[in-house]
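Residue numbers (the numbering used here), protein chains in the order written: chain D, 280 to 653; chain W, -6 to 652.
We put the beta carbon where it would ideally sit given N, CA and C, even for glycine.
Computed from a predicted model, the values in this text were never measured in an experiment.
Here's the structure we're looking at; comments come further down.
Okay, here's the thing in structure tokens:
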């Protein structure tokens, strides 16, 4: 009976409801809860602006995600390109008329929200590529045309975001795109060649970097060369994490954070605060939570019959992995400091919105996992 | 649909599945790496980062330590700590700083200069740092501020402590003074560096400086948690500081004050010493100044008046003033001649007022001459001619030996005053080394009357006198009372024992020291400085004659009451060579320009029957020793002897009293 209805594409609402991935939803809710508490801690144990708006955003976007989950996967597939182009237009808009803040122009004023299109692009690029490779036949994947088009599709938004300037997000967009390209079967040699080219051209790229970006890279290799200047963030972050120890200093007792030694504690360094207060055990548990989310997302992809759904889930799971890895490595001193939020944990509406849109598609894939898209 | 693309669809699925598998493996490895890094930071290096985090958040504020007191022999505080009223503002806690500060300015009636200084200070420090408006409010100002306090929120009247010298200029050169620690103080004294807080006062000269490390005390500590901007969030800890050691000195304020009174308006120095214990009862240099002026930074006017005073109040004449001793050296010259058997007490010289030697004329101070004089008379009337002849026979090197033994040409204190001067007792070897020229015999003659190269400090002369007066035993002058100080009786019996040993024959102990078998040479304290004590006694008797017999140079300053009777020797030392013509003029002292006038000196000891104290009086450009210095000694002796009884009574009552 199920098969029949599945084949006919007719699924009842209760069937949809039952086929939601509750483990994934539960993990997301826990993450939302943990992130709200962390935000509460950044404000020294008071419910102030950041905590309030973070909680509201989480509730609104999580509900939105639940509703969008029931949208037919076909619809997501059909708007794959449109979504990309809309976000691209918003990026151009941001470059031209965007809101400036702290030296970069990344936001579009939509009256009810200051939207950061570059965050949406992180999801849009995956949707766009998923649709592109859904259609492309396997033997044509490595044809010249099918290499060039995705490259252009990927490079245009990257350049736009770099020019804002926002190195961190552009790297994340690039990596998200590349990981989908890899999954869709683009010949491994292209990756090897291009990384070789990148390596050779690195000195030239560096020479085009802004002085503060160069400083960050130098600082990454030796944070002590300027402990009060460029190295300050990474040194203080490592002190905070390291002083957390096995079980942490306790909730609301992270001295590095409440005495303001920790920079950007709401956004990029939220994990540092969490790690200082909850220690090694807490940090590993948080990492485990992300691992479950990534695993469940990938698992949905694995059981999806449509290539679009499969590729999107695989790609999105990998992207989440990349966001988490880049952010944590950064605050633990394994990578240079580039602006990159930790999904759901970090403060930021656009990031939250983009993340939830991604999970909508993932949930939709779960609900419509037996559906085949022409 | 299913059939059409099934092959390509299947291949696509398998490619993506395979690649996802590779990717998942990579993800696991990367997550493993992150966990490894977390482990390394939080488990392996936890201690290091905890320390760093504490270093971040905990800041210690040192509180100024409370300085130890100085007390005189009787326990009177001569340098203490005074409660002072200060006014503090923490600008951050003030709503409208500008209007508040103007209000405060009006209430305290601050002048524009001080006001500007405060504004400048405010701008140079962080808003949460305490701004000291005034370090020393007068009582009236303090009362006024407290009256208006309700409308001056943010202003804090504070009770603090500051150094005070209750006897003002009396102890200035002895104690020195304190002032804000300079960069120099910090680099030269680790103790100061360790305990330094802004505004800390440290000793600049004198005992305040040399005893700094005992006086300074221990800082109290307040530990605060601070935020990244250095702002105090809350207090974690408070450790009480410790007051510095109180130091009791051997000086007697009554005698010290008398010295100051005697030297009023003059440049000079008076020192009084116990001839057995070496206790210094008084040591005053004049003119002096009020050290309290230096506490809050001396004002320009005050500093100028001290600095430009031609009598140079900043100099501690007692130990850094170098002057020719004049005739006060004669007891040592006589002793040296006797000890070396150059002459016998019966040796006579006919003084005609001058003597021709080596083609030069050497004058006696008395133009008419003293006639035929023996050694006793020569000391009594201070006959220069006799001493020329005797010095000629003695030679400068033997004189040098005796003079050095008795304390000339050496520092009196080991290391209390780093400005202390050694002085100079010439010898043939010294001249060859220092000036590169050979000794001229004529120079021996003038050395014999305390002129020429020889230079001594007033305190050296006092020590010399003391060591003669105690029968010729070595003593060690001291200013600080210690628990294990020997009493007069202890010292006396030690001296007697040492004398007995000497009489008994070959000095066994000395021989041991010389052979390097026995311990330090420092044990020669209280040991005899003479070969034959009769020689010392002879000199002392002649000094008695000089003061108490008719024709003696200080006869007019004698005291006949046996209780106060003292013996002494005058000295009048020439500042510049005088020509024959000037000598003929015989000018009155008031007719000579101040800086060309002779120095007046007087050394004395008493009471004569059982001497206990020695003193030296030095008046810079004071004229003759007999007319200027000796009368002061007379006045002072009365006080010293009277105070002796008080001192003994006090000792009886407070056997173990240190401070």
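Residue interval of the alpha helix (DSSP H) (run including residue i)
i	result
residue 140(W)	132 to 141
residue 569(W)	First-last for residue 569(W): undefined, no H or E at that position.
residue 482(W)	481 to 496
residue 629(D)	628 to 646
Beta carbon proximity, residue i to chain D, threshold 8 Å
i	result
residue 85(W)	no
residue 229(W)	no
residue -3(W)	Unreliable positioning characterises residue -3(W) in this predicted model, as indicated by a pLDDT of 43, which lies under 50. The coordinate reading is nonetheless provided below. Not an interface residue.
residue 46(W)	yes
residue 49(W)	yes
residue 59(W)	no
residue 226(W)	yes
Any C-beta of chain W under 8 Å from that of residue i
i	result
residue 539(D)	yes
residue 461(D)	yes
residue 562(D)	yes
residue 522(D)	yes
residue 614(D)	no
residue 416(D)	yes
residue 517(D)	yes
residue 611(D)	yes
residue 650(D)	no
residue 286(D)	Caution applies to residue 286(D), whose pLDDT of 46 falls short of 50 and renders its modelled position unreliable; the model cannot decide the point.
residue 464(D)	yes
residue 454(D)	no
residue 345(D)	no
Cβ shell of residue i (< 6 Å), same chain only, five flanking positions each side left out
i	result
residue 449(W)	318, 401 and 416
residue 394(D)	387 and 629
residue 620(W)	none
residue 319(D)	330
residue 363(D)	403 and 407
residue 524(W)	332
Residue i, enclosing beta strand (DSSP E) - first and last residue
i	result
residue 51(W)	51 to 56
residue 344(W)	341 to 344
residue 618(W)	It is not in any beta strand (DSSP E) - residue 618(W) carries neither H nor E in the DSSP assignment.
residue 606(W)	606 to 612
residue 218(W)	213 to 219
residue 149(W)	148 to 157
residue 628(W)	First-last for residue 628(W): 623 to 646, but that is the alpha helix (DSSP H), not the beta strand (DSSP E).
residue 423(W)	Note, residue 423(W): premise wrong, no beta strand (DSSP E); alpha helix (DSSP H) at 421 to 428.
residue 598(W)	592 to 599
residue 231(W)	225 to 232
Own chain partners of residue i with C-beta closer than 7 Å, once the 5 adjacent residues on each side are dropped
i	result
residue 528(W)	328, 331 and 332
residue 467(D)	none
residue 405(D)	455, 459, 591, 594, 595 and 598
residue 495(W)	521
residue 1(W)	none
Residues near residue i in its chain [Cβ-Cβ closer than 8 Å; skip 5 each side]
i	result
residue 376(W)	342, 344, 357, 359, 363, 366 and 370
residue 617(D)	446, 447, 450, 495, 605 and 609
Continuous alpha helix (DSSP H) assignments of at least 4 residues falling wholly in the segment 310 to 367 of chain D = List check, alpha helix (DSSP H) in window: 328 to 348 and 352 to 357.
query = Which residue spans inside the segment 273 to 359 of chain W form an unbroken beta strand (DSSP E) run of at least 3?
reply = Taking only runs of at least 3 residues, the beta strand (DSSP E) segments lying wholly in the segment 273 to 359 of chain W are 273 to 279, 341 to 344, 347 to 350 and 353 to 356.
Chain D contacts made by the segment 1 to 17 of chain W, where a contact means CB separation under 8 Å = Going along the segment 1 to 17 of chain W in chain order, one finds 1, 2, 4, 5, 6, 8, 9, 10, 12, 13, 16 and 17 with a Cβ nearer than 8 Å to chain D.
key: Members of the segment 581 to 609 of chain D that neighbour chain W once the beta carbon cut-off is set at 7 Å   = Within the segment 581 to 609 of chain D, the qualifying residues are 586, 589, 590, 593, 597, 600, 604, 607 and 608.
request  = Give, in chain order, every unbroken run of the alpha helix (DSSP H) that is at least 4 residues long and sits entirely within the segment 496 to 556 of chain D.
outcome  = Fully enclosed alpha helix (DSSP H) runs of 4 or longer: 511 to 523 and 534 to 537.
query = Going along the chain, which residues of the segment 16 to 42 of chain W sit with their C-beta nearer than 8 Å to a C-beta in chain D?
reply = Listed in chain order, the positions of the segment 16 to 42 of chain W with a beta carbon within less than 8 Å of a beta carbon of chain D are 16, 17, 20, 23, 24, 26, 27, 28, 30, 31, 32, 34, 35, 36, 38, 39, 41 and 42.
Members of the segment 206 to 221 of chain W near chain D, C-beta cut-off 9 Å = Answer in chain order: 218, 219, 220 and 221.
message = Please give me, in chain order, every unbroken run of the beta strand (DSSP E) with length at least 3 that falls completely inside the segment 55 to 117 of chain W.
response = With a minimum length of 3 residues, the continuous beta strand (DSSP E) runs that stay inside the segment 55 to 117 of chain W are 70 to 82.
key: Interface residues of the segment 95 to 127 of chain W facing chain D [CB-CB below 8 Å]   = Hits within the stretch: zero.
Residues from the segment 544 to 568 of chain D in contact with chain W, defined by Cβ distance under 8 Å = Cβ contacts with chain W come from 554, 558, 559, 562, 563 and 566.
inquiry  = So within the segment 406 to 434 of chain D, which uninterrupted alpha helix (DSSP H) runs reach at least 4 residues, ignoring any that extend past its ends?
reply    = Within the segment 406 to 434 of chain D, no alpha helix (DSSP H) run of at least 4 residues lies entirely inside it.
query = Using Cβ-Cβ distances below 9 Å, what residues of the segment 389 to 411 of chain D are close to chain W?
reply = Along the segment 389 to 411 of chain D, there is no position whose C-beta sits under 9 Å from a C-beta of chain W.
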